[in-house]
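Asks: Following this note's numbering, the residues of the sequence shown are numbered contiguously, the last one being 371.
Structure provided below as structure tokens; questions to follow.
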Amino acid sequence: MKILFHTNQLSLRGTEVALFDYAHYNEEILHNESIIAVKRAGPHPHHPLVVEKFHQRFRVFYYDTLPQLQQLAEDEKVDIFYALKSGENDGLLLPGVKNCVHAVFMHYDPHGEVYAYISKWLSQTITGGIMPYVPHIVHLPNVAGDLRQELNIPESATVFGRYGGWETFDIPFVKDLVATVAAKNPDIYFLFMNTENFGGKLNNIIFLDGAANLDYKIKFIKTCDAMLHARCQGESFGLTCGEFSIFNKPVITCNADFIRERCHINILGSKGIYYANYEQLENILSNFTKEPQKNWDAYSQQYSPAAVMAKFKAVFIDG
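Following this line, the structure appears as structure tokens:
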């Protein structure tokens, strides 16, 4: 069984993290072959670190036109074409193979032989649970150490951290509050990776470049005492929330009425820390107590490689 995994770009976003994991464990757990197809000129630029990561693990093919992609599928004798995308029918379907569409956003536009969502929440919200879903894998190896010494952060300091899409830390009052809390509390640090610098010029507000290296990402998480999540749109899955959670870091996220996509809130449940406005978040950040002995992990059991790939097989391969 050979599966052609498609992506529009090789970026630092969670979409490519998820696709890499599906392709990797398709070989490691399901014992199928995975190859990667990438649009040469996608909507976002290819990140050199992600390009290197994919090329070190898989055979990667670039294409410009749909006929080129179709020819690749024929030449490689592909059985399944897998596309992780918005969910809208963009015409990206290949004749003669099984087309599996994995919908990321709140769309209902079934096409291909299999159409599934990336979360139970999306399936229930859009279709009342009628359409299948295959969630993302949430799994990172344990790595010794953190980044506190490297970044000159005291062991006694409280660190709130975040990584994700460059522009998706975008709730305005949270950005304003970060500067206010940091100025008042020199023992509270804010650590941002692959995040647009929104003006923090204090020593305890640190912005780092994006990284594709897993060891570095894990050390970043272990540097933090909690994740600070602030995405206006919310999450149709929330891979970064899951990655913090499996390392037993509480996730502080907004549950105001304007948050449309609420999968992460649904999964975190009582293990999430929630704010709806400036005052609530200021109180959470200023009075945060480290509780490493508490179980904050809401993801490990249901979203392990074995659990997810069993569902991947049932929905996309056998379905």
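Built from N, CA and C at the ideal position, the CB exists for glycine as well.
All values derive from a computational prediction rather than experimental measurement.
#1: Going by CA-CA distance only, name the one from C293, Y327, F368, G371 that's closest to D349.
#2: Can you give me the C-alpha to C-alpha distance between R200 and S297, rounded to a whole angstrom?
#3: Among the residues of its own chain, which have a CB less than 6 Å from the CB of Y326, if the five just before and after it don't count?
#4: Among Y160, H154, F157, G164, which has the Cα closest to the Cα of G143?
#5: With H, G and I counted as helix, E and B as strand and the rest as coil, what does DSSP make of T305?
#6: Decide yes or no for the touch test of the stretch 107 to 127 against the stretch 83 to 91: beta carbon pairs closer than 8 Å, at least 3 of them.
#7: I want to see whether chain C comes within less than 8 Å of M158, judged by CB atoms only; does it?
#8: What span of residues does the alpha helix (DSSP H) with S352 cover, start to end?
#9: Could you give the distance in angstroms between the alpha-carbon of F310 and the alpha-carbon of Q285?
#10: Are L82 and P193 touching if we call contact CB-CB under 8 Å?
#11: Between the stretch 171 to 189 and the stretch 211 to 228, do at least 3 Cβ pairs fall closer than 8 Å?
#12: Do F57 and Y74 have their CB atoms nearer than 8 Å?
#13: Kindly provide the ranges of any alpha helix (DSSP H) runs that are 4 or more residues long and lie completely inside the stretch 109 to 159, ordered along the chain.
#14: Whole-angstrom Cβ separation of F272 and G213, contact assumed at under 8 Å?
#15: Give the DSSP-derived three-state secondary structure of L280 in the structure shown.
#16: Taking the beta carbon of P302 as the centre, do at least 16 other beta carbons fall within 10 Å, making it buried, or is it exposed?
#17: Are the Cβ atoms of A264 and H99 separated by less than 8 Å?
Replies: Checking against the coordinates, here is how it stands:
#1: As a first step, residue 349 is located in the sequence shown; it is residue number 297 there, counting from the start. Of C293, Y327, F368, G371, the residue nearest in Cα terms is C293.
#2: Here residue 200 refers to the residue found at position 148 when the sequence shown is read from its first residue. Here residue 297 refers to the residue found at position 245 when the sequence shown is read from its first residue. If you take the alpha carbons of R200 and S297, they lie about 20 Å apart.
#3: Locating residue 326 in the sequence shown gives position 274, where the first residue counts as 1. Contacts found: N307.
#4: Numbered from 1 along the sequence shown, position 91 holds the residue referred to as residue 143. That would be G164, whose Cα lies nearest to the Cα of G143.
#5: Working through the sequence shown from its first residue, we reach residue 305 at position 253. T305 falls in the strand class under three-state DSSP.
#6: yes
#7: The structure shown has no chain C; it contains just one protein chain.
#8: Residue mapping note: residue 352 aligns to position 300 of the sequence shown, counting from 1. That residue, S352, is in no alpha helix (DSSP H); it is neither H nor E in DSSP.
#9: In the sequence shown, counting from the first residue as 1, residue 310 sits at position 258. In the sequence shown, counting from the first residue as 1, residue 285 sits at position 233. Cα-Cα distance, rounded: 8 Å.
#10: Locating residue 82 in the sequence shown gives position 30, where the first residue counts as 1. Locating residue 193 in the sequence shown gives position 141, where the first residue counts as 1. Their beta carbons are not under 8 Å apart, which means L82 does not touch P193 by this criterion.
#11: no
#12: Taking the first residue of the sequence shown as 1, we reach residue 57 at position 5. Taking the first residue of the sequence shown as 1, we reach residue 74 at position 22. Yes, the pair counts as a contact, with Cβ atoms nearer than the cut-off.
#13: 118 to 127
#14: Along the sequence shown, one-based indexing puts residue 272 at 220. Along the sequence shown, one-based indexing puts residue 213 at 161. At roughly 7 Å, the Cβ-Cβ gap stays under 8 Å, so F272 and G213 are in contact.
#15: Taking the sequence shown and counting its residues from 1, the one referred to as residue 280 is at position 228. Of the three classes helix, strand and coil, the one that applies to L280 here is strand, per DSSP.
#16: In the sequence shown, residue 302 corresponds to position 250, counting from 1. Classification for P302: buried.
#17: Here residue 264 refers to the residue found at position 212 when the sequence shown is read from its first residue. Here residue 99 refers to the residue found at position 47 when the sequence shown is read from its first residue. Yes.
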